[in-house]
Structures are given as C-alpha cells and as structure tokens.
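Protein chains in written order, with this note's numbering: chain A, 1 to 514; chain B, 1 to 514. Virtual Cβ for every residue (Gly too), placed ideally from N, Cα, C.
Protein chains: 2
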Amino acid sequence: SMKSVSMKVVGSGRRLARGRRLLSVGRGQYGPVGDAESQWFERLLGSKYAIRRAEDPELLRCHSTDWTRRWEPKEADVSPLLLFPGTEQEVAACVQYCAEHRIPIVPQGGNTGLVGGSTPSQPGQVILGLARLNKVVSIDEEEGILHCEAGCILEHLQQFVGQRGFEMPVDLGAKGSCQIGGNLATNAGGIRFVRHGSLRSSVLMLRAIDGRGQILEMGTRMRKDNTGYDTKQFFIGSEGTLGVITSAVLTLPRLPVDRQTALLAVGSFDSAASLAFAAKNILGETLSAIEWLDTAAMRHVLSHFSPEHVTTPFSSDTAQCNFLLVEAAGARAEHDREKLEHFLEWALEADLGISDAVLAHDGKQTANLWAIREGCPVALTGAGLVCYKYDISLPIRTFDSVISATKARLADRRVAAEVVCWGHLGDGNLHINVATKHHNPAVEEALEPWLFEVVNAAGGSISAEHGVGRCKQKYMELIKGAQALRLMQELKTVFDPHAIMNPGIMMPPVSPQA
Amino acid sequence: SMKSVSMKVVGSGRRLARGRRLLSVGRGQYGPVGDAESQWFERLLGSKYAIRRAEDPELLRCHSTDWTRRWEPKEADVSPLLLFPGTEQEVAACVQYCAEHRIPIVPQGGNTGLVGGSTPSQPGQVILGLARLNKVVSIDEEEGILHCEAGCILEHLQQFVGQRGFEMPVDLGAKGSCQIGGNLATNAGGIRFVRHGSLRSSVLMLRAIDGRGQILEMGTRMRKDNTGYDTKQFFIGSEGTLGVITSAVLTLPRLPVDRQTALLAVGSFDSAASLAFAAKNILGETLSAIEWLDTAAMRHVLSHFSPEHVTTPFSSDTAQCNFLLVEAAGARAEHDREKLEHFLEWALEADLGISDAVLAHDGKQTANLWAIREGCPVALTGAGLVCYKYDISLPIRTFDSVISATKARLADRRVAAEVVCWGHLGDGNLHINVATKHHNPAVEEALEPWLFEVVNAAGGSISAEHGVGRCKQKYMELIKGAQALRLMQELKTVFDPHAIMNPGIMMPPVSPQA
Ligand SMILES: Cc1cc2nc3c(=O)[nH]c(=O)nc-3n(C[C@H](O)[C@H](O)[C@H](O)COP(=O)(O)OP(=O)(O)OC[C@H]3O[C@@H](n4cnc5c(N)ncnc54)[C@H](O)[C@@H]3O)c2cc1C
Ligand SMILES: Cc1cc2nc3c(=O)[nH]c(=O)nc-3n(C[C@H](O)[C@H](O)[C@H](O)COP(=O)(O)OP(=O)(O)OC[C@H]3O[C@@H](n4cnc5c(N)ncnc54)[C@H](O)[C@@H]3O)c2cc1C
C-alpha cells in the first residue's frame, strides 16, 4: 500500500458545487457551520463521527479546551462541530468541503499541545480529530522503517516497534495521549533529541491533505532521495496551518540493550554546563540523555511526590545544588557502563564542585532518577500552582544569566512568583517556569516581550520545541521581520489558498480569499 | 556577527532602475549580457572578478564544462561572464541586478556535481562562483557549532574542525574541490550518511540570496528552534534554483578517537545484505560505514591501481565474491574493536557463505581497505571507459534483482557494456555504472526511462544523492506527477519570481515573467 512517488498529488476528495454564497458578516469571509453543513458531514461520516455542539455540549467543550486551560473557551468559541473521519479519503473529502465553503478547520491530535494550537481560536471552527486514523500501515523489520497513520498514539508505537528491536526517534512526557501526527505537526523535541536529533530528520515520507483538499505524498520510503524540493519538511512543525497530516514513514533507531543512568549534584550552573560538555566527549555516540533541573525543581519534586514514588538518591546534603542527569545507552551494556563510570571518575576528579553523584544499579533506581526529572511539570501543577511556561533555546553558557535576569525582573516589579527551571541541557533547551498561587497577569506583563527580546538578542529561540501556536504568534514579526513573514505567508498560501487551515495559529491572520 | 533572527530578510542589494527593455527574441524573455551589463559588473567587482568570455575564453570554457564532461558546451553555450563576488552584499547586488535585467544565473561551487547542474544549460547565463566566500565566520568549540561561508572547501573545513575535536557531518570523494555551499545545494550524501544521517539534519541556519536579490536568514544557531516553517530545508537540495547560499551554521559530531575497519568477501548479494543488517544490530551506535562493491568493481580497482597503492587484503581466492566494508568508530577504541570483532565472529559462524574476512590492524591497512572502495569511480574512468552513472535508492533486498534486470536488458539489446556496481549499502543507495569503450547512445536508449520506471515502481528513488540537475529533469513528472510538479513550481516562484535562478535545472523550464 506504500506508494513510490514523492510530493505527488494522489487525488482529491469529491468535487463539490462551486459558487456558494459566503457569509461575510461577523467572521470575515468564512462560511457558517449551520444545519446544512452539519448534515453534509453526517452523511459523509455518519452521525457518530460528526458530532454537533447541540448534541453533546460537554464533549465539544472538552475538545475545544487546551491541555494547559490557558485558553479555556468562551461559550461562542466552543466548536460547533467535531469530525472524526475514518480514512484518508474521508479527511480529504472533509477538507475539500471546508475549502469550498470557506469553513476554518483546526486539526487535533491528542490535544496535549502547550501553545494553544489544537483548539479553536475563533468561533465557527470545526475540529478535525485524527483518532480513527490509528493503524500501522507497514513495518520493515530489517531496515527499521515504519509507516503509520497520523492518529497512532506515540506510546502504542513505542511498544509496537520496541517488540521488534527498534525505538521511536521521539519520546516525551505526553506519550500516552499525543499522536505521531501531532508530534510531527509540532516537530516535538523531548528527551531523545540529544541522541537522535530533530524528529524531522527521521521522517522519510509524509502524506497530507493540503488546504485545497488535495492528497499529497511527499518523499519516498527511501533514506536517501534527492529529487526536488523537500516539501515534507514544510509540513513538519507547521502546526496544522498548511493541511492535515494523514500518515508518515519514519526511519527507526535500534533499541538499546540497556540504559545506564547517573545523577550528579553540583554547586553551580557553570559546573553543570562543563559536565554536560564533558559527557558529550566521554560518552560520545552512546550518550542518550543530558537533562538538568535546578534547586527549586528538586525541592518541588521531593515535596510533591510521596517517598514510595520518588526519593532523593543522595545521602549528603544537596539542598543548594542543581542537578544533571546523564545517560548512556547502546548496543553493549558493559561498554555503556564503562563509559559512564569513566565520565563519573573524570567528573569527581575535576575541580567542578560536585557535591554528590549516583549511578543507578537496577531498573528501580533508574526509574527513580527519571521520575525526578519527569516529575518536574506535574510537581508544580499538582501543587495547585499556576505555571507560566517559557520554552527557550539559548547558548548553553548563557542559561544562568538569563535565569538570574528573569528573577531580578520579577523581584523588581514585585511580582510574587517563584522561578523554577529545568530543561534538555544537552540541546541548549531551557524551560523557565514561573509559578504563582493564582493566575496573575503581572507575570506576562513583566516578562513579555522582555524575555523574548533578551532571548532573541542572545541568538536564541523563543520556542525551542513547543511551537508558536496562539501563545507566541504575536512575536513572530519581532523574530522574523515583516518581510520574511510575508514570504512565509506567500508559501502558506500555496498550500492553503483559502486560509482555512488553523487560522490564528502561528502565522498572523489573513482574510480568506473570496 | 551571527544574527539571532530566522528567515529574516536582512536587506537587499542596491536598488536599480526599473522598466528596462528586455530582449524577447531567441531566448524567451531573458535579458542579454552585453557590454553595458558586463561593465556594470566590472564596476561592482573589479575586472579581476568579473571576467568576460572575450577576455579569457579558456577560463570561461572550463567553468562552463561539467566534471563528467557529459554536457561539454557548444561554443554558444559557454557563459559570457564569470563573476566572483567577494562578500554576501556583493552576491546580493549581483543577483538583484540580474533579477532586474532578467539575466539567468548558474551558481557554481567546486563544479564537481555529477548531474550537469553547475554549468550553463543555455546561452547567455552568467556563472556566479562562490570561491571567494571562503571564510570561517565562527566556531563554538564547546557546543560544536560552526558558521562558515558557502565557498569553504569541504576538506579545509574537515581539517579546521578536526583540529578542534569535531568532524564535518558529510564526507565524500570530491572533498578536495567541492564547497560546503555546493554540498548543501545538492544535499550531498557520501560515506558518513549511515552514521550522521542526511546533511540537512545538521544545518541549523542558512543565509541565502533569493531570486529577487533579498538576503534571507533562515533559522538560528540553536539546535532546537520551532518557530514557523523551516524554510532553510527548502534551499537544501535546491540545486541553485531558488537562490544563492552564502553561509551556513552546522552542528558538528565529535571526532571519533579511532576507526576500526573490516572487509568481508561473500558469495552472494543476499549474504552481504544480511551482514549489513547484522552490523547495524551488533555495532549499534558505533557503526560508521557500510559500503559495498561487486566482483567487477574489485577487479577494476585491482587492475587499475599499482600494488603499492591498492592490494587485495585476502589470501584466499575471492575472484567470484562481492565485498562489504564495515567500520566502527567512536569515543573508545577498544569498545569499537570489541564490537567489530564480535560482529566478525558472528558473521563467520553464521551460515552466510563468507569466503574471507580481514580486520585492519593499523592505519596503513585501513587506508588500503578504503582505497579499494573509494578507488571504484577512478578505476573505471582511469581505464579510459565512458561511464553512465545511475545513482538510485532501493529497498536493500531488491538491489540484486534490479542489477540482474539491468544486465539482462543490455544483453537483450546487444549493447556492449559492462555493469559495475557499488554503493552505500547501509543507506539503500546503489550506484549502477554502465561502462563502455566509447560514448554509446544505445546505453541511454536501453536504460532510460526503463530503469527509472523500475526503480519508481519498487518504491525507490531515481536520484539518491547526486540530485536531478539536467540529467533527470525530464523524469520529474514521472516520479512526482504533473499536479505536484506544478505545486513545486508555485513554491519556486515565491523565491524566484523572475525564473532567473539556474533555469533548465531540476524543474521543468518556465518563462520568466515580463
Ligand atoms: C505532559 C506533557 C509533556 C510534554 N513534553 C514535551 C516535550 O518534552 N517536548 C515537546 O516538544 N513537547 C512536549 N509537549 C507538547 C507537545 O507539543 C505535544 O505533547 C505533542 O507533540 C502534540 O501532540 P498531540 O497529538 O497532542 O497534538 P495536538 O496537541 O492535538 O496538536 C498540536 C498541534 O498540531 C496540530 N496537529 C495535530 N495533529 C495534526 C495532524 N494530523 N495534521 C496536522 N496538524 C496536526 C494541531 O492543529 C496543533 O496545532 C508536552 C506536553 C505535555 C502535556
Ligand atoms: C569524485 C566525486 C565523488 C563524489 N561523491 C559523492 C558522494 O559520495 N555523495 C554525493 O552526494 N555526491 C558526490 N559527488 C557529487 C556531489 O554532488 C558534489 O561533489 C558536491 O556536493 C557538489 O559540490 P560543489 O561545490 O562542487 O558544487 P557544484 O558542482 O559547483 O554545484 C552543484 C549544484 O549546486 C549548486 N550550487 C553550488 N553552490 C551553490 C551555492 N552556494 N548556492 C546555491 N547553489 C549552489 C549548483 O548550481 C549546482 O546545481 C561526487 C563528485 C565527485 C566528482
């Protein structure tokens, strides 16, 4: 069932009557989603899979609410219609109908995105859910090449390929709910980036429906294919603004035989950075994670979770330390262990102010070290704190000064908030979390756009992995410049001439063409 | 000097008078390169760096001739003008002038491309050479991040970063002449693809001049940056058809401490394939090369080179064998060696018909094994043979049947030619070489488009690494389909509205807009 052509227009949904009148009051030139439209979708998908707000207000409200609840919808913003097409052809038919009728669409995967991109940003948007496109199309167990539909849940794929000796090239905390299509649409990062690089480098082929309703097949299942522009790269990280991803072919890394994990407690951030660079040198190709958390993050984790779940692995006093998790994983466990032990010996001898260091000796200890790092987000929200998340990239040696400046700025403005930091240190990706007791607009006022300007001036990125979404859309001009943004808009228009694909997300809004 | 913005239009060359009359006879609506135009460039660059054909016919002919000499130019096709801008600003000024005057440009790096993309494909094209943009802008020796200009020669960069403990993410036979800009413009593959993946995955930022003369900065120097469409991916592999790449930021892998190399002689291709998969499993992350050559290739290498340069490493008779080169390279030499020895033990015990196997014990032996594999192209052309090159990707288990079918087809048609094969087996990349005593059109008649149709039907790629160029442009519709090709054309037009960037290459020709 795999096709051999790349960026081929395979077909398109049914052709529909043209020339329909468009509503041009209230919501620009977007068309309405009324009875007639809903009936059309019910005929196509069956009423079980085309659900009106009137029928199930709770379900529609739930799918219209983002994971962070930062963009909890007003009544009018709840989507009028939730679609669950069951095949790629049905997706194409839905999009083509929407294109003809100028109905805006928000594609939705697991709805775990953190930037408000997967829920309606204005009234009258239909939600197109991918949950029913959840089949593995094929796997080549020799070459390690997986073809799967967009709605497959990441964790299911991890299990499926794991049983065959492979690993998914991406792993993240939301794995139990997020879909591979959502991961691709956001170019998700996560804890394996340091080993396997950007998710985009593992994608060999993408199938997607563009904003005209055309089925595109971009790339082949070949590792090497230099024939023309690599259009699939455009869809990766496009946050639903160009079309709907329906399936993907990925190249899979081999599953390591085991993992060797260590946690180090160090006195200063600069020591942690030096250790991270040394880990890259000493562990080389077996390095599989370098994660970092600060004093406050560790304190929150240890106080939030019960000791049966997470405990400190250190016997000495590490209350003032920050922490580095380092992992080696490869084809030969004893080699990985030797390299990690060598690194720890080096670290303890180097004059870097290491307070303590532990090496996990069994699966339980490994799980505990990871629970500390992965428990950070839950520890904050679980403590009932409101959490303002800044997901930034910076030159590694500058992390500390940006964190200090952020704390100083909040103190200066007398904003009562705690700054808690962690991140994928090996990739230069820092998560600054500003935790407050209640929702407090003063945080955003103090830090936005100030922090983004600081990051931009340092040559960093204001969105390392979560994407732009609704959250940072208004800063796109700051970081790209007006002319380049216009160029991007021109490129979007090629795929989505009617501006129906996730309007209001990532790109500055434009009016649909009549 | 590094900017922090991505896909930002930084500026553009000088503005020029509009509304100039265009020649619309003979060469569509492209403008002429006459005295006035040449003088303009001489004023901009100095006459040393704007060289007219009349001044130095030999030099212009040389730069108008491709490496394979397959597209040796007729007198009229020799470029009228060769430009060597010295700065990015000068490149921008040149392109903007050409945009205003509708003068077609072919960007040229080291001119080692194998698909006729780096030399004029029609009369009146100026050649824009990047040789003077040859500076390293910066290197971060902790993070392993290199910013260099497009005209830097690959081998120079390899030496420069090698001295600092890093490796370039690409390596190939033409390294002494090819430029990083040319590597990026062709998304070059080569022998390290199996380890580091596609070159495109190592590019963090690109600066380029688009076909309007605008300076674009695409991406940041950050490993992770999910802000908007990844436009730089569009330029990577675009073969000069969108604009001129002027500089790039690359993330560098660590230099391995040593290399452990083995050569195996096996009885059948299927055994070689099984060994390749086993090597991936057993060597895991330390695997750094899986190269393959057939019986004929080995025979040519051993007969072409003198024994001081290349010798067979085998003591037994391997005259009927095909050969697999496997290499491990990492952070700890003894680990790599143990893994490679483990692989060889496994291989010798497995029932795969291995005739012989050698493990290099010193640098000289390693160099000899590599000289066998890297000597293949030179052995054929050095023997005075004309060589028709087919650079394809295929599912690995199908290599053999496609090679047999190719031989059968030539025999069927009584074409006197020898089929000699080698390739990057670990990546599914096969090089079929059809060698003849003299140029023989019957080869192309027999194999084109037949072979491309076979490859396409098998889900393969008709150009794995060399690109499309002039060579395979006419097959783009076969593999992409007419509609998708039109979409690509629309995307090209966004960057190059006047169709001045390398017309006739990769994309079907269009007329420049008046
Ligand atoms: C606990 C937790 C931990 C996380 N950790 C990380 C992390 O470490 N690294 C990281 O990068 N992110 C992380 N995230 C955020 C991350 O972006 C998402 O978890 C995931 O990648 C989104 O997948 P999803 O299926 O939930 O997509 P959604 O949330 O449903 O959608 C995300 C965006 O993609 C679009 N989209 C979804 N599916 C498609 C499709 N098939 N075609 C076109 N567009 C589509 C949507 O319109 C939306 O713009 C985390 C989130 C949570 C809740
Ligand atoms: C002996 C030999 C071995 C080779 N081995 C391999 C191999 O293993 N793998 C592989 O993939 N290739 C291989 N090649 C071909 C490979 O494509 C080129 O060697 C190299 O990548 C091209 O670099 P160049 O600077 O010579 O570019 P050129 O040949 O000058 O140009 C190639 C293309 O890129 C464009 N271009 C060049 N510079 C720029 C720029 N700055 N901006 C925009 N466009 C530009 C040109 O217009 C042209 O279309 C080999 C070639 C030779 C001669």
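Is Gln260(B) close to chain A, meaning its C-beta is less than 9 Å from at least one C-beta of that chain? Walking along the second sequence from the start, residue 260(B) turns up at place 260. No, its Cβ sits nowhere closer than 9 Å to a Cβ of chain A.
Rounded C-alpha distance that separates Arg413(A) from Gly382(A): Start at 1 with the first residue of the first sequence, and residue 413(A) comes out as number 413. Start at 1 with the first residue of the first sequence, and residue 382(A) comes out as number 382. Their backbone Cα atoms lie some 27 Å apart in a straight line.
Using a Cβ-Cβ distance cut-off of 9 Å, determine whether Leu172(B) contacts chain A. Residue numbering aside, residue 172(B) sits at position 172 when the second sequence is read from its first letter. With 9 Å as the cut-off, Leu172(B) does not count as an interface residue toward chain A.
Interface residues of chain B around Gly330(A) at Cβ under 8 Å? Against the first sequence, residue 330(A) aligns to sequence position 330. Chain B residues near Gly330(A): Gly284, Glu285, Thr286.
Endpoints, the beta strand (DSSP E) within which Pro107(A) is located: Numbered from its first residue, the first sequence carries residue 107(A) at position 107. Start and end: 105 to 108.
Let me check you understand the geometry: is the CB of Trp67(B) closer than 8 Å to at least one non-hydrogen atom of ligand 2? Here residue 67(B) is taken as the residue at index 67 of the second sequence, counted from 1. Yes, Cβ of Trp67(B) sits closer than 8 Å to a heavy atom of ligand 2.
Cutoff 9 Å: Met501(A) Cβ touching any chain B Cβ: Here the question's residue 501(A) lines up with position 501 in the first sequence. No, no contact with chain B.
So Lys389(A) contacts chain B; which residues on that side make the cut at Cβ distance below 8 Å? Taking the first sequence and counting its residues from 1, the one referred to as residue 389(A) is at position 389. Under the 8 Å cutoff, chain B gives no residues; its nearest Cβ is about 14 Å from Lys389(A).
Looking at chain A, is there any beta carbon in it that lies within less than 9 Å of the beta carbon of Val136(B)? Your numbering for residue 136(B) matches position 136 in the second sequence. Chain A, which has no Cβ nearer than 9 Å to the Cβ of Val136(B), makes this no.
Thinking Val494(A) and Glu490(B) are a contact (beta carbons under 8 Å), I'd like their distance in whole angstroms, please. What you label residue 494(A) is simply residue 494 of the first sequence in a count that begins at 1. What you label residue 490(B) is simply residue 490 of the second sequence in a count that begins at 1. Indeed they touch by this definition, with Cβ atoms about 5 Å apart.
So who's on the other strand from Tyr390(A), going by DSSP bridges? For this step, residue 390(A) is matched to residue 390 along the first sequence. Answer by DSSP bridge pairing, in chain order: Ile432(A).
Check each residue of the segment 472 to 489 of chain A: if its Cβ is closer than 7 Å to any Cβ of chain B, include it; give the result in chain order. Met476, Ile479, Lys480, Gly481, Gln483, Ala484, Leu487, Met488
For Ser202(B), which of helix, strand or coil comes out of DSSP? Numbered from 1 along the second sequence, position 202 holds the residue referred to as residue 202(B). Here Ser202(B) sits in helix by DSSP.
Could you please give me the residues that DSSP links to Val244(A) through a beta bridge? For the purposes of this step, residue 244(A) is identified with residue 244 of the first sequence, where counting begins at 1. Answer is Ile209(A), bridged to Val244(A).
Compute the minimum distance between the beta carbon of His466(B) and the heavy atoms of ligand 2, and state whether it is under 8 Å. As a position in the second sequence, residue 466(B) is number 466, starting the count at 1. Yes, since a heavy atom of ligand 2 falls inside the 8 Å radius drawn around the Cβ of His466(B).
Is Arg69(B) buried or exposed, if buried means 16 or more other CB atoms sit within 10 Å of its CB? As a working mapping, residue 69(B) is identified with position 69 in the second sequence. So Arg69(B) counts as exposed.
Classify Val310(B): buried if its beta carbon has 16 or more other beta carbons within 10 angstroms, exposed otherwise. Locating residue 310(B) in the second sequence gives position 310, counting from the first residue. So Val310(B) counts as buried.
Reduced DSSP category for His156(B) - H, G, I as helix; E, B as strand; rest coil: Locating residue 156(B) in the second sequence gives position 156, counting from the first residue. Residue state, collapsed to three classes: helix.
Relative to the C-alpha of Ser202(A), which residue among Ile209(A), Glu167(A), Gln214(A), Leu172(A) is closest? As a first step, residue 202(A) must be located in the first sequence, where it is residue number 202. Nearest of Ile209(A), Glu167(A), Gln214(A), Leu172(A) to Ser202(A), Cα basis: Glu167(A).
Does chain A have any CB closer than 9 Å to the CB of Glu167(B)? Reading the second sequence from its first residue, position 167 is the one you call residue 167(B). With 9 Å as the cut-off, Glu167(B) does not count as an interface residue toward chain A.
Since Thr261(B) is in the beta strand (DSSP E), which residue starts that stretch and which ends it? Mapped onto the second sequence, residue 261(B) falls at position 261. Run containing Thr261(B): 258 to 266, per the beta strand (DSSP E) assignment.
Tell me the residue span of the alpha helix (DSSP H) that contains Leu560(A). The structure shown has nothing for residue 560(A), since chain A only spans 1 to 514.
Between which two residues does the beta strand (DSSP E) containing Trp422(B) stretch? Working through the second sequence from its first residue, we reach residue 422(B) at position 422. From DSSP, the beta strand (DSSP E) with Trp422(B) extends over 418 to 424.
Using the Cα positions of Lys492(B) and Pro509(B), report the straight-line distance between them to the nearest angstrom. Residue 492(B) sits at position 492 when you count from the first residue of the second sequence. Residue 509(B) sits at position 509 when you count from the first residue of the second sequence. Approximately 12 Å, taken between the alpha carbons.
Is the beta carbon of Leu133(A) sitting closer than 9 Å to the one on Gln108(A)? The residue you call residue 133(A) lines up with position 133 of the first sequence. The residue you call residue 108(A) lines up with position 108 of the first sequence. Going by C-beta atoms, Leu133(A) is not nearer than 9 Å to Gln108(A).
Within this structure, are the beta carbons of Leu206(A) and Lys224(A) separated by less than 9 Å? As a working mapping, residue 206(A) is identified with position 206 in the first sequence. As a working mapping, residue 224(A) is identified with position 224 in the first sequence. Cβ distance not < 9 Å, so Leu206(A) and Lys224(A) don't count as in contact.
According to DSSP, what are the bridge partners of Gly190(A)? The count along the first sequence starts at 1 and reaches residue 190(A) at position 190. Answer is Asp171(A), bridged to Gly190(A).
Determine the DSSP secondary structure at Met476(A), reduced to helix, strand or coil. What you label residue 476(A) is simply residue 476 of the first sequence in a count that begins at 1. DSSP places Met476(A) in helix when its eight states are reduced to three.
Can the beta-carbon of Cys421(A) be found closer than 9 Å to that of Ala248(A)? Within the first sequence, residue 421(A) is the residue found at index 421, counting from 1. Within the first sequence, residue 248(A) is the residue found at index 248, counting from 1. Contact flag unset, no.
Short CB-CB distance (under 9 Å) between Thr68(A) and chain B: Looking up residue 68(A) in the first sequence gives position 68. It does not: the Cβ of Thr68(A) has no partner Cβ on chain B nearer than 9 Å.
Heavy atom of ligand 2 less than 8 Å from the Cβ of Ala208(B), yes or no? By one-based count along the second sequence, residue 208(B) stands at place 208. Yes.
For Gln163(A), would you say it is in contact with chain B, using Cβ-to-Cβ distances shorter than 9 Å as the test? Here residue 163(A) refers to the residue found at position 163 of the first sequence. Not an interface residue.
Mind listing which residues of the segment 220 to 237 of chain B have their C-beta closer than 8 Å to chain A's C-betas, in chain order? Thr220, Arg221, Met222, Arg223, Lys224, Asp225, Asn226, Thr227, Gly228, Tyr229, Asp230, Thr231, Gln233, Phe234, Ile236, Gly237
When every heavy atom of ligand 2 is checked, does at least one fall within less than 8 Å of the C-beta of Asn134(B)? In the second sequence, counting from the first residue as 1, residue 134(B) sits at position 134. Asn134(B): no, Cβ never under 8 Å from ligand 2.
To the nearest angstrom, how far is the alpha carbon of Ile180(B) from that of Leu394(B)? Numbered from 1 along the second sequence, position 180 holds the residue referred to as residue 180(B). Numbered from 1 along the second sequence, position 394 holds the residue referred to as residue 394(B). Those two C-alpha atoms are separated by around 27 Å.
With distances taken Cα to Cα, identify the nearest neighbour of Cys62(B) among Thr119(B), Trp370(B), Phe41(B), Gln89(B). In the second sequence, residue 62(B) corresponds to position 62, counting from 1. It is Thr119(B) whose Cα lies nearest to the Cα of Cys62(B).
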